[in-house]
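A.B. asks: Can you read through this structure? Questions will come right after.
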Amino acid sequence: MSDMAIRIGAGDSPEQAAVGPRPRSHRAGTALTAQALVAPAAMLMLIILLGPLAGVLALSFTDYQLGAPSFSWIGLANYREMFADKVFWISLRNTLTYVVIVVPGSVALGLGIALLIQSGSSLRSWYRTIYFLPVMATLIAMAIVWEFMLHPQFGLINGLLRSFGMQGHSWLQDRNTALYSLCAIGIWQAVGFNMVLFLAGLVSIPKPLYDAAEIDGASGAWSRFRLVTWPMLGPVTAFVVVISSIRSFQVFDTVQVLTKGGPSKSSEVLIYTMYTEGFEFFRSGYGAALTVVFLVFVLALTLLKARLNRGVHYA
Amino acid sequence: MAAIELSAIRKSFDRTDVLKGIDLKIEPGEFISLVGPSGCGKSTLLRIIAGLETQTSGQVRIDGEAVDGVRPSARNLAMVFQSYALYPHLTVFDNIAVPLRMRRLSAAQRLPLLGRLIPSRHRTERGIREDVERVAALLEISPLLSRKPGQLSGGQRQRVAVGRAIVRQPKAFLFDEPLSNLDAKLRVHMRAEIAQLHRRLKTTFVYVTHDQAEAMTMSGRIAVMIDGHLVQVGKPADVYDNPRDIRVAEFVGSPKINVLPGMVRADRGVEALGRPLELSAAAAAGACRICVRPERIELGGGPFAGTVTHLENMGAEAFVHVGCDGMVIPLVARIDDPRRLPEIGAPIGFGFAADAVRAFDASGKRIETTPRLRVIQPREPALV
Numbered sequence: 069m070s071d072m073a074i075r076i077g078a079g080d081s082p083e084q085a086a087v088g089p090r091p092r093s094h095r096a097g098t099a100l101t102a103q104a105l106v107a108p109a110a111m112l113m114l115i116i117l118l119g120p121l122a123g124v125l126a127l128s129f130t131d132y133q134l135g136a137p138s139f140s141w142i143g144l145a146n147y148r149e150m151f152a153d154k155v156f157w158i159s160l161r162n163t164l165t166y167v168v169i170v171v172p173g174s175v176a177l178g179l180g181i182a183l184l185i186q187s188g189s190s191l192r193s194w195y196r197t198i199y200f201l202p203v204m205a206t207l208i209a210m211a212i213v214w215e216f217m218l219h220p221q222f223g224l225i226n227g228l229l230r231s232f233g234m235q236g237h238s239w240l241q242d243r244n245t246a247l248y249s250l251c252a253i254g255i256w257q258a259v260g261f262n263m264v265l266f267l268a269g270l271v272s273i274p275k276p277l278y279d280a281a282e283i284d285g286a287s288g289a290w291s292r293f294r295l296v297t298w299p300m301l302g303p304v305t306a307f308v309v310v311i312s313s314i315r316s317f318q319v320f321d322t323v324q325v326l327t328k329g330g331p332s333k334s335s336e337v338l339i340y341t342m343y344t345e346g347f348e349f350f351r352s353g354y355g356a357a358l359t360v361v362f363l364v365f366v367l368a369l370t371l372l373k374a375r376l377n378r379g380v381h382y383a
Numbered sequence: 013m014a015a016i017e018l019s020a021i022r023k024s025f026d027r028t029d030v031l032k033g034i035d036l037k038i039e040p041g042e043f044i045s046l047v048g049p050s051g052c053g054k055s056t057l058l059r060i061i062a063g064l065e066t067q068t069s070g071q072v073r074i075d076g077e078a079v080d081g082v083r084p085s086a087r088n089l090a091m092v093f094q095s096y097a098l099y100p101h102l103t104v105f106d107n108i109a110v111p112l113r114m115r116r117l118s119a120a121q122r123l124p125l126l127g128r129l130i131p132s133r134h135r136t137e138r139g140i141r142e143d144v145e146r147v148a149a150l151l152e153i154s155p156l157l158s159r160k161p162g163q164l165s166g167g168q169r170q171r172v173a174v175g176r177a178i179v180r181q182p183k184a185f186l187f188d189e190p191l192s193n194l195d196a197k198l199r200v201h202m203r204a205e206i207a208q209l210h211r212r213l214k215t216t217f218v219y220v221t222h223d224q225a226e227a228m229t230m231s232g233r234i235a236v237m238i239d240g241h242l243v244q245v246g247k248p249a250d251v252y253d254n255p256r257d258i259r260v261a262e263f264v265g266s267p268k269i270n271v272l273p274g275m276v277r278a279d280r281g282v283e284a285l286g287r288p289l290e291l292s293a294a295a296a297a298g299a300c301r302i303c304v305r306p307e308r309i310e311l312g313g314g315p316f317a318g319t320v321t322h323l324e325n326m327g328a329e330a331f332v333h334v335g336c337d338g339m340v341i342p343l344v345a346r347i348d349d350p351r352r353l354p355e356i357g358a359p360i361g362f363g364f365a366a367d368a369v370r371a372f373d374a375s376g377k378r379i380e381t382t383p384r385l386r387v388i389q390p391r392e393p394a395l396v
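So the sequences go chain by chain: A and B. Its first residue numbered 69, the first sequence is counted upward by one per residue in the working numbering. Its first residue numbered 13, the second sequence is counted upward by one per residue in the working numbering.
Have a look at this one:
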């Protein structure tokens, strides 16, 4: 966005002919007009996006506590403390584990369901709606439903397992399964969104390409997928992967409702640590430092997406 | 080189009959054009031959073998699409190589990374490279091999699509309006190239087009389709000269054939615009339509009179539009020498030879006409 603003500000050619009768001051005048036109948008961006960001960055170098009358600059002390803290590393590892499981899971399932819906002839919109429901529902409310489903004694999941003669499990109370249960819920929630994006991508693939593939000898569904569908979905896939990654990095609601990062930090994730440090222990400075680390990851993903897009061919 | 036989092909989409019983025998090695106005079902017929569409009833035979239920890839036909349908993510080389890779490499060898480890793949790839380069040289696209389709012009994409079709030796080539996305000049050029390609390859070409000029100039035979029926099949000159149906007469030839309201009298005599012609018809009395090609109209004299309404000077030839009473659409006459054009608005007389007349009855079927007792009639002086 920022470089677009710069480009508009530096733009010179089209309006030159129309504006300004005096050629000498003409160029300067055009630049001034352009800057004036860009100013409101730039100002808004500064206030809404860049300002708070700078604030967070500044805060991370202080020992400010929420509500405290004063604070002092402590340089990199927050970061030093953070990198020495075991909880931070557990939290980071859990977040990465969550991303590594949820992203491929929800992308692959979303693509699979989109392909199935696209290839079917009837009930398409019905299936579409069903799979999209989790996206529309409030995750907090859904998390409570999941809490009941995963309940060790009277949960639906354990009930089903028992009816097949298998042992039930305390999914959310066991430190070995808590994070993975959250992953499953994360996938369940993200699949519908990814599916809709993939469906849109599938619809836009030109039909003659499949005809050509068929004539060229791609007789099986798999070879048609490899030759046409997968490459043509390239841009959509790149977008879906990055969006899913960013959303997975931000996992919070389910953790807050279901596990509170427990048992014994086994489902502690970055945003949850940020929340507890900043809003439960009121250590705003430390929370800001965590936020900065989080932002670095999201920024890296965004840059990765920009890089990926350059290599992708849009038909 | 294959013979393709279609018998009683019908196709309906949701109760709409698109093809209403098509019988056609395509000889091995011939260049046949399926031509007709848009929506006549010609593309559907081509897709049925290719196997991309299944007929509702009827049979397709390729080299005597019924291919109904045989997958398109197994029919060994090549097809060039209207949109070219090049794979946008592959280079020109890879686009042309796709049909060869699909056939010569096993599924395991086509795997992205593992495939390269399979020993025989290298040798097969070398063969594919040679074939692709040979075709590229033939079509003069060798310098483009490393480009993506998005970087090519329309004409170049067209060549790549043709290259992808001819790189393997298919039994027949199917063309689905391949030139309709090109500009007029390039279209004329590609027409000659495709005709040349046919002479060189000597394979069966089935060419679908709505442009009668393309069909007339390129093919050995044309099959005119109208409203899901195959109305007439024959050599281009034959179809032009002897249309069996008024729809064929009107579709083939540019500018369109002139249609004059006429009559078959009780004594079998024929008249046009109320004036008797030196013809007798082998049909019952009643209304009929008298058709005359623009180049057979003789201006400057004759039994009919009208007014010049419009002139089209093409440089080498010119078309004179003549409005006359009893006709809604002005009559068009061709003049070889545009330097001697009449004035717009000037009254003009015209006539035509008896053998220029093609008469059709009220339902559009051709009526045989024979010149009446050859009474030598002195040419009337010009009415101008």
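C-beta atoms are modelled at their ideal positions from N, C-alpha and C, and glycine is treated no differently. For clarity, every value in this text was computed on a predicted model and none was experimentally measured.
(1) Tell whether a beta-carbon distance below 7 Å holds between GLU189 of chain B and VAL220 of chain B.
(2) Roughly how many angstroms lie between the CA atoms of LEU343 of chain B and PHE43 of chain B, to the nearest whole one?
(3) With 7 Å as the limit, tell me which residues of the stretch 277 to 289 of chain A have their beta carbon closer than that to any beta carbon of chain B; keep them in chain order.
(4) Can you tell me whether LEU58 of chain B is helix, strand or coil according to DSSP?
(5) Would you mind listing the beta strand (DSSP E) stretches within the stretch 259 to 317 of chain B that are 3+ residues and don't spill past its ends, in chain order?
(6) Over the uninterrupted beta strand (DSSP E) stretch that includes SER69 of chain B, give me the two end residues.
(7) Which bits of chain B does GLY302 of chain A rub up against, with CB to CB less than 8 Å?
(8) Pull up the DSSP beta-bridge partners for SER45 of chain B, would you.
(9) Checking the sheet assignment: what are the DSSP bridge partners for HIS322 of chain B?
(10) For TRP290 of chain A, is the classification buried or exposed, using 16 other Cβ atoms within 10 angstroms of its Cβ as the cut-off for buried?
(11) Measure from the alpha carbon of ASP26 of chain B to the alpha carbon of each residue in B:PHE187, B:GLN67, B:GLY298, then state which is nearest.
(12) Measure the Cβ-Cβ separation of THR130 of chain A and GLY353 of chain A and say whether it is below 7 Å.
(13) Apart from the five residues on each side of it in sequence, which residues of its chain come closer than 7 Å, Cβ to Cβ, to ALA366 of chain B?
(14) Below 9 Å on C-beta distance, what does VAL110 of chain B contact in chain A?
(15) How far does the alpha helix (DSSP H) with GLY167 of chain B in it extend, from its first residue to its last?
(16) Residues in the same chain with beta-carbon distance under 8 Å from SER30 of chain B, minus the five sequence neighbours each way, listed in chain order, please.
(17) Are the stretch 173 to 181 of chain B and the stretch 145 to 160 of chain B touching by the rule of at least three beta carbon pairs closer than 8 Å?
(18) Please report how far the alpha carbon of THR206 of chain A lies from the alpha carbon of LEU301 of chain A, in whole angstroms.
(19) Quick one: what does DSSP say PHE129 of chain A is sitting in, helix, strand or coil?
(20) On the three-state DSSP scale, how would you describe LYS197 of chain B?
(21) Just curious, the alpha helix (DSSP H) that ARG32 of chain A is in, first and last residue?
(22) Flag SER85 of chain B as yes if its beta-carbon sits less than 7 Å from any beta-carbon of chain A, otherwise no.
(23) Which runs of the alpha helix (DSSP H), 4 residues or longer, sit entirely within the stretch 278 to 357 of chain A?
(24) Three or more C-beta pairs under 8 Å: does that hold for the stretch 302 to 315 of chain A against the stretch 219 to 235 of chain A?
(25) Terminal residues of the continuous beta strand (DSSP E) containing VAL79 of chain B?
(26) Quick one: what's GLU17 of chain B bridged to in DSSP?
(27) May I have the straight-line CA-CA distance separating ILE140 of chain B from PRO111 of chain B, to the nearest angstrom?
(28) Spatial neighbours of PHE364 of chain B within its chain, please: CB distance less than 8 Å, with the 5 preceding and 5 following residues excluded, ordered by chain position.
(29) Would you kindly report the start and end of the unbroken beta strand (DSSP E) that includes LEU242 of chain B?
(30) Could you compute how far the alpha carbon of CYS300 of chain B sits from the alpha carbon of LYS268 of chain B?
(31) Helix, strand or coil for ILE347 of chain B per DSSP?
C.D. replies: For this structure:
(1) The count along the second sequence starts at 1 and reaches residue 189 of chain B at position 177. The count along the second sequence starts at 1 and reaches residue 220 of chain B at position 208. Yes. Within cutoff.
(2) Here residue 343 of chain B is taken as the residue at index 331 of the second sequence, counted from 1. Here residue 43 of chain B is taken as the residue at index 31 of the second sequence, counted from 1. Taking the straight line joining both Cα atoms gives about 34 Å.
(3) Going along the stretch 277 to 289 of chain A in chain order, one finds LEU277, ASP279, ALA280, GLU282, ILE283, ASP284, GLY285, ALA286, SER287 with a Cβ nearer than 7 Å to chain B.
(4) By 1-based counting over the second sequence, the position of residue 58 of chain B is 46. DSSP, read as helix, strand or coil, puts LEU58 of chain B in helix.
(5) Within the stretch 259 to 317 of chain B, the runs of beta strand (DSSP E) that reach at least 3 residues and sit entirely inside it are, in chain order, 270 to 276, 281 to 284, 287 to 293, 298 to 304.
(6) Taking the second sequence and counting its residues from 1, the one referred to as residue 69 of chain B is at position 57. That run of the beta strand (DSSP E) goes 69 to 74.
(7) Here the question's residue 302 of chain A lines up with position 234 in the first sequence. Residues of chain B with a Cβ closer than 8 Å to the Cβ of GLY302 of chain A are, in chain order, HIS101.
(8) Working through the second sequence from its first residue, we reach residue 45 of chain B at position 33. BP columns for SER45 of chain B point to B:TYR219, B:ILE234.
(9) Indexing the second sequence from 1 puts residue 322 of chain B at position 310. Beta-bridge pairing links HIS322 of chain B to B:HIS333.
(10) Looking up residue 290 of chain A in the first sequence gives position 222. By the neighbour-count rule (16 or more Cβ atoms within 10 Å), TRP290 of chain A is not buried but exposed.
(11) Numbered from 1 along the second sequence, position 14 holds the residue referred to as residue 26 of chain B. When each option's Cα is compared against that of ASP26 of chain B, the closest is B:GLN67.
(12) Here the question's residue 130 of chain A lines up with position 62 in the first sequence. Here the question's residue 353 of chain A lines up with position 285 in the first sequence. The criterion of a C-beta distance shorter than 7 Å is satisfied by THR130 of chain A and GLY353 of chain A.
(13) Sequence index remark: in the second sequence, residue 366 of chain B carries index 354 (1-based). Cβ within range, chain order: LEU289, GLU290, LEU291, PRO383.
(14) Residue numbering aside, residue 110 of chain B sits at position 98 when the second sequence is read from its first letter. Within 9 Å Cβ-Cβ: ALA280, ALA281, ASP284, GLY285, ALA286, LEU295.
(15) By one-based count along the second sequence, residue 167 of chain B stands at place 155. GLY167 of chain B -> alpha helix (DSSP H) spans 166 to 178.
(16) The count along the second sequence starts at 1 and reaches residue 30 of chain B at position 18. Residue 30 of chain B is actually Val in this sequence, not Ser. If we look at VAL30 of chain B and ignore the five residues flanking it on each side, its Cβ neighbours are LYS23, SER24, GLY53, THR56, GLY240.
(17) Yes: the two stretches touch, three or more of their Cβ pairs being nearer than 8 Å.
(18) Locating residue 206 of chain A in the first sequence gives position 138, where the first residue counts as 1. Locating residue 301 of chain A in the first sequence gives position 233, where the first residue counts as 1. Approximately 29 Å, taken between the alpha carbons.
(19) On the first sequence, position 61 is the one that residue 129 of chain A refers to. DSSP places PHE129 of chain A in coil when its eight states are reduced to three.
(20) Residue 197 of chain B sits at position 185 when you count from the first residue of the second sequence. DSSP, read as helix, strand or coil, puts LYS197 of chain B in helix.
(21) In the structure as shown, chain A starts at 69 and stops at 383, and residue 32 of chain A therefore has no counterpart that could be examined.
(22) Numbered from its first residue, the second sequence carries residue 85 of chain B at position 73. With 7 Å as the cut-off, SER85 of chain B counts as an interface residue toward chain A.
(23) Taken in chain order, the complete alpha helix (DSSP H) segments of 4 residues or longer contained in the stretch 278 to 357 of chain A are 289 to 292, 302 to 317, 338 to 343.
(24) With the cut-off at 8 Å, the stretch 302 to 315 of chain A and the stretch 219 to 235 of chain A do not touch.
(25) As a first step, residue 79 of chain B must be located in the second sequence, where it is residue number 67. That residue, VAL79 of chain B, is in no beta strand (DSSP E); it is neither H nor E in DSSP.
(26) Residue 17 of chain B sits at position 5 when you count from the first residue of the second sequence. Under the DSSP definition of a beta bridge, GLU17 of chain B partners with B:LYS37, B:ARG73.
(27) By 1-based counting over the second sequence, the position of residue 140 of chain B is 128. By 1-based counting over the second sequence, the position of residue 111 of chain B is 99. Rounded to whole angstroms, ILE140 of chain B to PRO111 of chain B spans 10 Å at the Cα level.
(28) Counting from 1 along the second sequence, the entry for residue 364 of chain B is found at position 352. Residues of the same chain with a CB within less than 8 Å of the CB of PHE364 of chain B, apart from the 5 flanking positions on each side, are VAL304, ARG308, ILE309, GLU310, GLY314 in chain order.
(29) As a position in the second sequence, residue 242 of chain B is number 230, starting the count at 1. Secondary structure note for LEU242 of chain B: its beta strand (DSSP E) is the uninterrupted segment 241 to 246.
(30) As a first step, residue 300 of chain B is located in the second sequence; it is residue number 288 there, counting from the start. As a first step, residue 268 of chain B is located in the second sequence; it is residue number 256 there, counting from the start. Each residue's Cα considered, the two are about 18 Å apart.
(31) Taking the first residue of the second sequence as 1, we reach residue 347 of chain B at position 335. DSSP places ILE347 of chain B in strand when its eight states are reduced to three.
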